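Please read the structure below before turning to the comments.
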Amino acid sequence: MRTALTELLGIDLPIVQAPMAGVSTPAMAAAASNAGALGSISVGAMNAAAAGEAIAALKSATNRPVNVNVFTHRKPKREEDRESAWLKALEPHFAALGMETPADLPEIYTSFNDDPEMQRLLIEARPAVVSFHFGLPEPGAAAALKQAGCLLFCTATTPAEAVAAEKAGMDVIVAQGYEAGGHRGVFDPDAGDAQIGLFALIPLINTAVSLPVVAAGGIANGAGIAAALTLGADGAQMGTVFVGCPESAAPDLHWRTLKGPLGAATEVTRAVSGRPARGVVNRLMADLRERQTAAPEYPLPYAAAKALAAAARPTGAPDYETFFGGQAAPLTRSAPAAELIADLAAECQEILANAPQYLAPDTQQA
Ligand SMILES: Cc1cc2nc3c(=O)[nH]c(=O)nc-3n(C[C@H](O)[C@H](O)[C@H](O)COP(=O)(O)O)c2cc1C
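Structure follows, in structure tokens:
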């Protein structure tokens, strides 16, 4: 199971436990790293103070390589007409929950590129890996992180994004297929989303760049990891399969919904946050399916989506919950992260060791 990724990081397994804002925890990432994979936390939804605490907790639980993930979206354009039209479309939902529709949409997350305090924190903390989602890091911060000894990973959803990431000095490309749960790492959603599936994306990106490639999207068992490696990836990043781990910060209902009938038909929507993200279809997504391209820029709509979810939660119905998950959601598991990683690695190894016997006899003869 040695690949360019395991060599670069000095880890045992070509497996990355995906960073998942609101779901991955320092305990989950430490367990993953201690089990020989690369564990990740996301600090994209935190301010620098909270991120500092999370990184300290992670470092105290493992001395193996870890990944700290940040969001590199552009600062949202404020468009009064668009924002008020969006709030107007949400009125019936707030009214149904007996609430006033909020007067505006606050910007709830600051991009890493606009957050010098977060940049300083990561340069000082020097995690083995810093990963970027939604675009490239600002060149000065990228150079300083590299100087501090960090390896830089960047999500790409097209070969063109991967080429741009290579030119910007990234060390590893996370090739995210359309199957993936959570937000798509698309650099500029207004320029369109190519929606490339992972089977096509891995060889496309491998041909376009010379960097190690980590495959992400719909991988939920050892066969998926073996397939990604066979297609030319150097590692597999998995998110949805970790949602139900006891170390997860997600409510139990999130995992149960992924395992249930709704988990079999996830959709990509811009209606929740303003950027395309895959998850279980909730009332907001279903109602705004046709209007989603009119959503204000990320992360503005997220404030309203979170307010609706908080208001609906006491009813116990998951109508407005944002339950992100990928296309393989029904295969998600619930074992502790270390056990899950050991199982995934054993399944993958068994397949790779016995690869010829999985081929149909006539294929083998040919
Ligand atoms: C609940 C959830 C939250 C996520 N949050 C993040 C995040 O904060 N940062 C990030 O880079 N990717 C995030 N992702 C995407 C993952 O990095 C990865 O691309 C995806 O989980 C792979 O597809 P899979 O879920 O089918 O395994 C998230 C995914 C999920 C399921």
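If you use this note's numbering, the sequence shown corresponds to residues 9 to 374, in order.
The beta carbon of each residue, even a glycine, is placed where N, CA and C say it ideally should be.
Just so you know, these numbers come straight off a predicted model, no measurement behind them.
For residue i versus residue j, is the C-beta spacing smaller than 8 Å?
i      : j      : result
Gly334 : Val24  : no
Gly230 : Ala337 : no
Ile181 : Cys162 : yes
Leu130 : Val137 : no
Val251 : Thr340 : yes
Phe79  : Gly52  : yes
Glu87  : Asn121 : no
Pro27  : Met9   : no
Leu219 : Asp179 : yes
Pro73  : Leu17  : yes
Pro284 : Thr277 : yes
Thr2   : Ala228 : With the chain covering only 9 through 374, there is no way to say anything about residue 2.
Ile116 : Pro307 : yes
Ala168 : Leu209 : no
Glu255 : Pro135 : no
Phe140 : His81  : no
Pro34  : Ile19  : no
Thr301 : Ala317 : no
Ala315 : Gly30  : no
Tyr328 : Arg299 : no
Ala164 : Leu144 : no
Applying the 10 Å Cβ sphere with the 16-neighbour rule, what's the burial state of residue i?
i      : result
Ala374 : Any reading at Ala374 is ruled out, since the residue's pLDDT is 47, under 50, leaving its predicted position unreliable.
Asp112 : exposed
Arg286 : buried
Gly205 : exposed
Thr118 : buried
Ala149 : buried
Gln155 : exposed
Asn77  : buried
Gly106 : exposed
Arg192 : buried
Gln365 : exposed
Ala45  : buried
Ala361 : exposed
Ala133 : buried
Asp123 : buried
Glu91  : buried
Pro326 : buried
Tell me where the alpha helix (DSSP H) around residue i begins and ends.
i      : result
Cys253 : It is not in any alpha helix (DSSP H) - Cys253 carries neither H nor E in the DSSP assignment.
Cys162 : Not the alpha helix (DSSP H): Cys162 falls in the beta strand (DSSP E), residues Leu159 to Ala164.
Gly60  : Ala56 to Ala69
Ile349 : Ala345 to Ala361
Gly148 : Pro147 to Gln155
Phe102 : Glu88 to Ala104
Gln203 : Neither: Gln203 is in no alpha helix (DSSP H) and is coded neither H nor E.
Gln127 : Pro124 to Ala133
Ala223 : Looking at the DSSP string, Ala223 is not in any alpha helix (DSSP H); the run it does join, the beta strand (DSSP E), is Val221 to Ala224.
Within the continuous beta strand (DSSP E) that includes residue i, where are the two ends?
i      : result
Ser139 : Val137 to His141
Met246 : Gly243 to Met246
Arg3   : For the chain, the structure presents residues 9 to 374; residue 3 sits outside this window and is missing.
Glu376 : Because the chain spans 9 through 374 in this model, residue 376 falls outside it and cannot be assessed.
Ile233 : From DSSP, Ile233 is part of no beta strand (DSSP E) but of the alpha helix (DSSP H) over Gly230 to Thr238.
Ile181 : Val180 to Gln184
Thr14  : Here Thr14 belongs to no beta strand (DSSP E); instead the alpha helix (DSSP H) covers Ala12 to Leu17.
Thr277 : Glu275 to Thr277
Arg82  : Segment: none, Arg82 is in no beta strand (DSSP E) and carries neither H nor E.
Ser48  : Gly47 to Ser50
Legend entry - Cβ contact (3+ pairs, closer than 8 Å) linking the region 252 to 268 and the region 164 to 183: no
Inset, instruction - Evaluate contact between the region 293 to 311 and the region 333 to 352, counting only Cβ atoms and requiring at least three cross-stretch pairs below 8 Å. - result: no
Inset, instruction - Evaluate contact between the region 193 to 202 and the region 242 to 257, counting only Cβ atoms and requiring at least three cross-stretch pairs below 8 Å. - result: no
Legend entry - Contact between the region 96 to 104 and the region 28 to 43 (3+ Cβ pairs under 8 Å): no
Inset, instruction - Mind the definition here: the region 312 to 331 touches the region 209 to 223 only if three or more C-beta pairs lie below 8 Å; say whether that holds. - result: no
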